[in-house]
Structure formats: C-alpha cells, structure tokens
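Worksheet: one structure, shown below.
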Amino acid sequence: HRIDKDTSGLLVVAKTPDAKTHLGKQFFNKTTKREYVAVVWGIPDPEAGTITGNIARDPKDRLRMAVFPAGSETGKHAVTHYEVVERLNYVSVVKCVLETGRTHQLRVHMAYIGHPLAGDWLYGTEDPDLISRPALHAYALALTHPVTGTLLYFTAPTPADMEKLI
Numbered sequence: 007h008r009i010d011k012d013t014s015g016l017l018v019v020a021k022t023p024d025a026k027t028h029l030g031k032q033f034f035n036k037t038t039k040r041e042y043v044a045v046v047w048g049i050p051d052p053e054a055g056t057i058t059g060n061i062a063r064d065p066k067d068r069l070r071m072a073v074f075p076a077g078s079e080t081g082k083h084a085v086t087h088y089e090v091v092e093r094l095n096y097v098s099v100v101k102c103v104l105e106t107g108r109t110h111q112l113r114v115h116m117a118y119i120g121h122p123l124a125g126d127w128l129y130g131t132e133d134p135d136l137i138s139r140p141a142l143h144a145y146a147l148a149l150t151h152p153v154t155g156t157l158l159y160f161t162a163p164t165p166a167d168m169e170k171l172i
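One point on numbering: in the working numbering, the residue at position 18 of the sequence shown is 24, and numbering is uninterrupted.
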C-alpha cells in the first residue's frame, strides 16, 4: 500500500512477511476500502459520480499520467467514485473512494473531469500561498487484520494545511 509523496494520511505497514502477503492479497482482491478527501477547483457536475478510464504515462510528458478510454489497450483500468461534501466559493471538498489504485489516480481522474486538486502543480495549478502540495488526504482505510481476521477501520484527521485551505 502506498500513497503519492505529497499526500497526507493513512498507510498500512506489515510487520511480518506473512502479514505482508495477507495484506497484499486484500489490496489485489479489492477487499480493502480506501477513502480520500480532496479539495478541487470548481464544483463537479454531477456532484457525485464515477470516473472510469485507463491510466498510463502521458506520451507527451513522462512525469504525468493520462486518462485513456476504458477498454483501451493503453494503460490500466482505473475507477474512482467521488461525491461533493462541501461547496465553497471557488473550490469543493470532495470524498473519493478508490476501486483501483493506480499511480496519481485521484489527481489525474479529477483533472480529467475538469476539477484538478488545489495545489497540484502537475495536473492543475500551483499556488503556494494557498497550499504547498496537492490537497489530497488519505482519510479512511478498512481492512481485515491478517492474523485475527477482525475487520479494522481507521481514520486520520484532515491536516492543518488542508483545514486552513478549506
């Protein structure tokens, strides 16, 4: 399990090789639940929906990822569910749930629908006076404990820089 370098929030780390294998299978089989909070430019319309599109390296810029049509031979299948939770003047607070986990998935999917993350220098606009990183936070994580089989649900509070932005 990993998150982008500048994303705040939850991570899971295995202490043993067996735990790593068990957790890896959960992520592979998509039995975990990952929920993110993002601040995006504008108000998505519709305010809730699903973004589906393959993700691969942008052929024009190797640092960026790009969205290609679902079913395309280019890229890997990616699905993001989103919902506006708060409308503000120029931005919206959006809850995003990952069905897949691709590099930069939330960042590139939100930019693809015309609502890049605030502070995202790679897919949108950078404004260090507002926030010095993409406004993305790994808020919640649900998984099954690799030894006890207990369903675990964790949350992490929104960090100060995002609260200030909001």
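The beta-carbon is built from N, C-alpha and C at its ideal position, and this holds for glycine as well.
#1: Give me the Cα-Cα distance between A20 and H83, rounded to the nearest whole angstrom.
#2: Span of the beta strand (DSSP E) holding G55?
#3: My assumption, with CB atoms under 8 angstroms, is that V29 sits in contact with F160. Please give the rounded CB distance.
#4: Terminal residues of the continuous beta strand (DSSP E) containing Y118?
#5: Could you work out which residue in L157, I49, I137 is closest to P165 when comparing CA atoms only?
#6: Can you name, in chain order, every residue of its own chain whose Cβ lies under 7 angstroms from the Cβ of I49, other than the five neighbours on each side?
#7: Quick check on this structure: which residue in P134, W47, I57 has the alpha carbon closest to the alpha carbon of N95?
Short version:
#1: Translated into positions along the sequence shown, residue 20 becomes position 14. Translated into positions along the sequence shown, residue 83 becomes position 77. Each residue's Cα considered, the two are about 27 angstroms apart.
#2: In the sequence shown, residue 55 corresponds to position 49, counting from 1. Residues 54-58.
#3: Translated into positions along the sequence shown, residue 29 becomes position 23. Translated into positions along the sequence shown, residue 160 becomes position 154. The amino acid at residue 29 is misidentified as Val; the sequence shows Leu. Contact doesn't hold; Cβ gap of about 13 angstroms is too wide.
#4: Against the sequence shown, residue 118 aligns to sequence position 112. Premise fails: Y118 lies in the alpha helix (DSSP H), 111-118, not in any beta strand (DSSP E).
#5: Position 159 of the sequence shown holds residue 165. Cα-wise, what sits closest to P165 is I137.
#6: Your numbering for residue 49 matches position 43 in the sequence shown. Result list for I49: V90, R93, S98, in chain order.
#7: If you number the sequence shown from 1, residue 95 lands on position 89. Ranking P134, W47, I57 by Cα distance to N95 puts W47 first.
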